[in-house]
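Structure record follows, encoded as structure tokens.
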Amino acid sequence: MYFLQKIKIDLAKKINKSIDKNLVKAKDFVYPPQPEMGDITLACFNLSKALKKMPNKIAKELSKKIENSTAIGPYLNFKLTDKKFIYKILYEIAQLKKNYGKQKKKNIKKIMIEYCNQNTHKSLHIGHLRNMFLGNSLSKILESQGDKIIKVSYINDFGIHTAQTLWAFNKFYANAKIPKNKGWFLGQIYTTAVKKIKQSQQAKQEIDKIMRKLEEKSGKEYMLWQKTRKWSIEQFNKIYKELNIKLDKTFYESEFIDQGKKIIEQMLRKKILKKSQNAIIADLRKYKLGILVIMRADGTSLYPVADIPLAIYKTKKYKLDENIYIVDIRQSLYFRQLFKLLKLLGLKSKPKHLSYEFVKLPQGMMSSRFGKVITYEEIKEKILKHSIKETEKRHTNWTNKKIEKTALDITIAAMKFDILKQSAKTVITFDLKKALKFEGFTAPYLQYTYARINSILKKFHSFNSKLSQIDFDAMNFQEKQLVLKISKYPEIIKDSAENYEPSIIAKYLFELSQTFNDYYHTTPVLRTEKKLTIMRVQLLKAIAQTLKNGLNLLGIKTINEM
RNA sequence: GCCCUUGUAGUUCAAUGGAUAGAACGAAGGUUUCCUAAACCUUUGAUGUAGGUUCAAUUCCCACCAAGGGCACCA
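Per the working numbering, the first sequence starts with residue 1005, numbered consecutively.
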């Protein structure tokens, strides 16, 4: 257990003893709005009812009985940052290093997280990035809390969109020169397809025909599908590598269709599904979940045909405690319908749709179906270009290779942070102009803070001083505030995991950096008395470690020099 | 029509019923013989409207206004 948590438990015990009732819990302690008020606080309003006393009076009485506490109105404030506290926190971090913030569990759960659900034959855009970044970060965060996480992706390589792209490919790009980035090229074709379909009378029939060929796995169309499918998958793998996203397993829709069709037959016999207007549907109106179409009137498959067998396969093969789907909120009705069908089938699993809001552009909604997207490639190239320029400006003596490597790390970090800093529950308005800003609440700001600390630590040549010999009495107010801030890190991670919100970590790391940068400007670390240098270096090490650990949970690399 | 979100500073976002509603960007001004100025400091400015519950409401409830999303053959 982390030291701050221990302190809260101890304090709660002391207070409960003093009032002779078991009313206060560790989690009742919060932090005062102003650091001068104290390090931790208990609001006495809730005690007021149980003790039948004015909250101000309770606070005042308690402050007399409990050491290091003062009452301000109804609040009972405590000072924590004494020598022992500082030592304990810095010791914890120095011992645990990259494990600082992690939790251990007795009952380890096996949780599958499905994300990175891309469509082949379509553009990969900023909306998909939100999915990837969230999934990547959440798996790391949940893993840090002691559970076993299996990261999987599910590629939709079989929907009608593939037939649409193939249709446009044959019609308008048959003789086109195929560029290097073939996956991106397919995205462009898809956009063309959507436009041309609107203008063409026979398009729908022709596309339906292709779709049937794909279901039959025959003909030139199927061959072309196989070839182009690979283009997309290669593109995805390249992007995952670039973004440092690692998956344990990838499922493909096309691999579950045949199995799905058999299950659909069974479900028809069990009357879970029925025929209506030649299509196969699930009538879920009595559960207030409307109607879900499973198979089209022409006999071709829709998405539940693969989703149902996949869910069964996952649960049985992996023996999951939890099965989490990270998917756009616009599919929340669909997931409720899917989960209901799984339940009707008797599948004992705990599926969870972890939704997040979509990404829009300043001009409005983004939609690959209407060709209004910013692709991954576009964003990356623009930010990278800017990043290279900024890096060159600062390091005229660096080699091109070093500049490019650093600039790429900054670029990926900037993209990830820009998305993750915002709560998953809110719509993101993605503004490329703002994404090119490397100041303020951005990844480069955090990376820069880390690089600065690193630069000091590099210049410090160790005296090999023991933590227990360091004079922490010499710590000033700002330094104590920094220690207090890093002591909160483990509970920030816990909070972020419980709420599935990487944004909590992003905000915390930013605040920590702000406090540090302010400190940096006021206080010399190396050019001062030796004993102060030793003490400050120790503090800096702890801050750097905390920044590194936190950024790692967001999937962001720290940079030693920038 | 039914269901679900969301309205906070010029803009983009915080604040899980608690102390003076915080940041960032923008705008205006300032800091470099001093460990990286991708930094720091100062100024500027906001809870859609009208009620209710509460000792206390940005937060909970109701109505209205506004925006967005989902709802039978896209995923």
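Don't be surprised by glycine CBs; every beta carbon is placed ideally from N, CA and C.
Out of the options, which one is the CA nearest neighbour of residue i?
i	options	result
Ile1276	Arg1540, Gln1341 and Leu1349	Leu1349
Met1539	Glu1495, Pro1506 and Ser1466	Ser1466
Leu1424	Gly1191, Phe1442, Lys1492 and Tyr1360	Tyr1360
Val1028	Tyr1006, Asn1185 and Leu1080	Leu1080
Tyr1158	Gln1281, Ser1258 and Asn1248	Ser1258
Arg1480	Ser1491, Tyr1523, Lys1441 and Tyr1329	With the sequence shown as reference, residue 1480 is identified as Asn, and Arg is not the correct amino acid for it. Here the closest residue by C-alpha is Tyr1523.
Arg1134	Asn1241, Ile1432, Lys1320 and Lys1200	Ile1432
Leu1471	Phe1343, Lys1092 and Glu1385	Lys1092
Ala1428	Lys1064, Ala1510 and Ile1090	Ala1510
Gln1473	Ile1062, Lys1535 and Asn1458	Lys1535
Lys1114	Lys1354, Ala1063 and Ala1283	Lys1354
Glu1219	Pro1039, Lys1290 and Ile1261	Ile1261
Tyr1006	Glu1382, Met1419 and Leu1100	Leu1100
Pro1366	Ala1439, Lys1352 and Arg1456	Ala1439
Gly1163	Met1299, Ser1143, Ile1145 and Ile1285	Met1299
Phe1033	Gln1009, Pro1039 and Glu1040	Gln1009
Met1566	Ser1491, Ile1070 and Glu1408	Glu1408
Tyr1493	Leu1015, Gly1139, Gln1038 and Ser1148	Ser1148
Lys1463	Glu1382, Asn1564 and Lys1484	Asn1564
Lys1321	Ile1154, Leu1358 and Lys1384	Ile1154
Gln1518	Glu1505, Gln1205 and Arg1456	Arg1456
Phe1089	Lys1102, Lys1484 and Tyr1338	Lys1484
Lys1021	Lys1069, Pro1037, Lys1056 and Pro1036	Lys1069
Glu1225	Gln1206, Thr1169 and Gln1205	Thr1169
Phe1137	Thr1430, Gly1444 and Ala1417	Ala1417
Gln1426	Pro1506, Ser1141 and Lys1057	Pro1506
Cys1048	Leu1557, Ser1491, Ala1180 and Ala1063	Ala1063
Asp1422	Ile1383, Thr1395, Lys1389 and Lys1393	Ile1383
Ile1312	Ile1333, Ile1267, Asn1282 and Lys1274	Ile1267
Gly1139	Asp1252, Thr1232, Ile1076 and Tyr1035	Asp1252
Thr1085	Lys1061, Leu1486, Ala1180 and Asn1179	Leu1486
Glu1040	Gly1264, Thr1403, Ala1075 and Trp1402	Ala1075
Identify, in the order they occur along the chain, each residue of the same chain with its Cβ nearer than 7 Å to the Cβ of residue i, setting aside the five sequence neighbours on each side.
i	result
Ile1508	Ile1496, Asp1499 and Ser1500
Lys1318	Met1116, Leu1324 and Asn1327
Asp1287	Lys1278 and Ile1295
Leu1513	Leu1450, Leu1551, Gly1554 and Leu1555
Val1297	Ala1283, Ile1285 and Leu1306
Taking only the alpha-carbon atoms, compute the straight-line gap between residue i and residue j and give it to the nearest angstrom.
i	j	result
Leu1555	Thr1562	7 Å
Lys1279	Pro1308	15 Å
Leu1345	Val1331	18 Å
Phe1255	Arg1531	57 Å
Ala1167	Thr1400	51 Å
Leu1066	Gln1107	33 Å
Met1419	Asp1475	41 Å
Arg1289	Phe1240	38 Å
His1129	Pro1448	22 Å
Phe1520	Met1215	59 Å
Asn1121	Asn1248	16 Å
Gln1482	Lys1144	31 Å
I think residue i touches residue j, with their Cβ atoms under 8 Å apart; what is that distance to the nearest whole Å?
i	j	result
Ile1097	Ala1546	4 Å
Gly1131	Met1370	6 Å
Lys1083	Asn1072	5 Å
Ser1305	Lys1126	About 18 Å; that fails the 8 Å criterion.
Asp1413	Asp1302	In fact, because the Cβ distance is near 50 Å, the residues do not count as touching under 8 Å.
Ala1054	Lys1025	7 Å
Ile1013	Ala1030	5 Å
Val1377	Phe1434	Contact flag wrong, Cβ pair sits at about 10 Å.
Leu1358	Tyr1329	7 Å
Ser1351	Ile1316	In the sequence on display, residue 1351 carries Leu and not Ser. Confirmed, about 6 Å.
Ala1411	Leu1436	With 8 Å as the limit, Ala1411 and Leu1436 do not qualify as a contact, their Cβ atoms being about 17 Å apart.
Skipping 5 residues on each side, what residues in its chain have a beta carbon closer than 8 Å to that of residue i?
i	result
Ile1112	Gly1150, Asp1151 and Lys1152
Leu1461	Val1541, Leu1544, Lys1545 and Ala1548
Glu1238	Lys1186 and Gly1187
Phe1176	Ile1193, Thr1196 and Lys1200
Lys1109	Gln1149, Gly1150 and Asp1151
Thr1526	Gln1482
Which same chain residues, not among the five before or five after residue i, have their C-beta less than 6 Å away from its C-beta?
i	result
Leu1516	Lys1489
Lys1186	Trp1235
Phe1442	Pro1448
(request) With a floor of 3 residues, list each beta strand (DSSP E) that falls wholly inside the segment 1267–1338, ordered by position along the chain. (result) 1278–1280, 1283–1287, 1295–1299 and 1326–1332
(request) At 4 residues or longer, and completely inside the segment 1424–1450: list those alpha helix (DSSP H) runs for me, N to C. (result) 1436–1439
(request) Could I get the ranges of all uninterrupted alpha helix (DSSP H) runs contained in the segment 1332–1407, with 4 residues as the minimum, in chain order? (result) 1336–1348 and 1380–1398
(request) Tell me the start and end of each unbroken beta strand (DSSP E) in the segment 1508–1546 that is at least 3 residues and wholly inside, in chain order. (result) none
(request) Return the chain-ordered ranges of every beta strand (DSSP E) run that is complete within the segment 1062–1137 and spans a minimum of 3 residues. (result) 1073–1076, 1079–1082 and 1114–1118
(message) Runs of 3 residues minimum, wholly inside the segment 1448–1503: which ones carry the beta strand (DSSP E) assignment?
(response) none
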